[in-house]
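In our numbering, the protein residues as written are 4 to 155.
Even for Gly, the Cβ is constructed at its ideal location relative to N, Cα and C.
Report on the following structure.
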């Protein structure tokens, strides 16, 4: 059972201004899921912003996330934000979430569960499509790490 499946989502009532606000909050929550926002996760931000065109209010999303954490758990915030986002954008947002969680080179159990549960929340993400997205994100992160090592 994943983090989200243990939740009673009927009790989650989080307001987002719009899709971009929900996306920025979700990405912030995914970054913080392992307890910290690493330098690698910050460095991947330009790629995530390119994927989610218009994602400029990350500071506002961080503030919103911090205020939400007073009432909700990080998995609840992720579930609410992902559910708010239009299903047509789920694949792109899932890819961005993969990039953020993989950025530091390690995906812990909570991050794995969050990605798995995001995929189960969306009809746009079959197991096969979600696996392909995870694979592509992993290859890109691996290549980014390889390029960084070559430059060092």
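Distance, residue j Cα to residue i Cα
i, j, result
"residue 9", "residue 67", "Since pLDDT at residue 9 reaches only 44, below the 50 mark, its modelled position is unreliable, and the value read off the structure follows with that caveat. Residue 9 and residue 67: Cα-Cα distance of roughly 24 angstroms."
"residue 77", "residue 113", "10 angstroms"
"residue 11", "residue 85", "Low local confidence applies: a pLDDT of 46 at residue 11 is under 50, so the model's placement there is unreliable, and no value is given."
"residue 52", "residue 99", "9 angstroms"
"residue 82", "residue 132", "19 angstroms"
"residue 95", "residue 137", "11 angstroms"
"residue 4", "residue 116", "With a pLDDT of 43 at residue 4, under the threshold of 50, the modelled position of that residue is not reliable, and the figure given next carries that caveat. Straight-line Cα distance between these residues: approximately 9 angstroms."
Span of the alpha helix (DSSP H) around residue i
i, result
"residue 110", "It is not in any alpha helix (DSSP H) - residue 110 carries neither H nor E in the DSSP assignment."
"residue 41", "That residue, residue 41, is in no alpha helix (DSSP H); it is neither H nor E in DSSP."
"residue 146", "130–154"
"residue 22", "22–35"
"residue 83", "77–87"
Counted within 10 angstroms of its Cβ, other Cβ atoms place residue i as buried (16 or more) or exposed
i, result
"residue 139", "exposed"
"residue 102", "buried"
"residue 129", "exposed"
"residue 142", "exposed"
"residue 79", "buried"
Proximity to residue i [Cα-Cα], best of the options
i, options, result
"residue 26", "37, 116, 62", "62"
"residue 38", "111, 51, 21, 16", "111"
"residue 18", "126, 88, 41", "88"
"residue 93", "148, 36, 125", "125"
"residue 24", "40, 64, 32, 155", "64"
Q: Would you check if the region 106–117 and the region 62–71 touch, i.e. whether three or more CB-CB distances between them fall below 8 angstroms?
A: Taking one beta carbon from each stretch, the region 62–71 and the region 106–117 have fewer than 3 pairs nearer than 8 angstroms; the two do not touch.
Review point. Within the chosen definition, does the region 110–128 reach the region 39–48 through at least 3 CB pairs nearer than 8 angstroms?
Key: Segments in contact, no.
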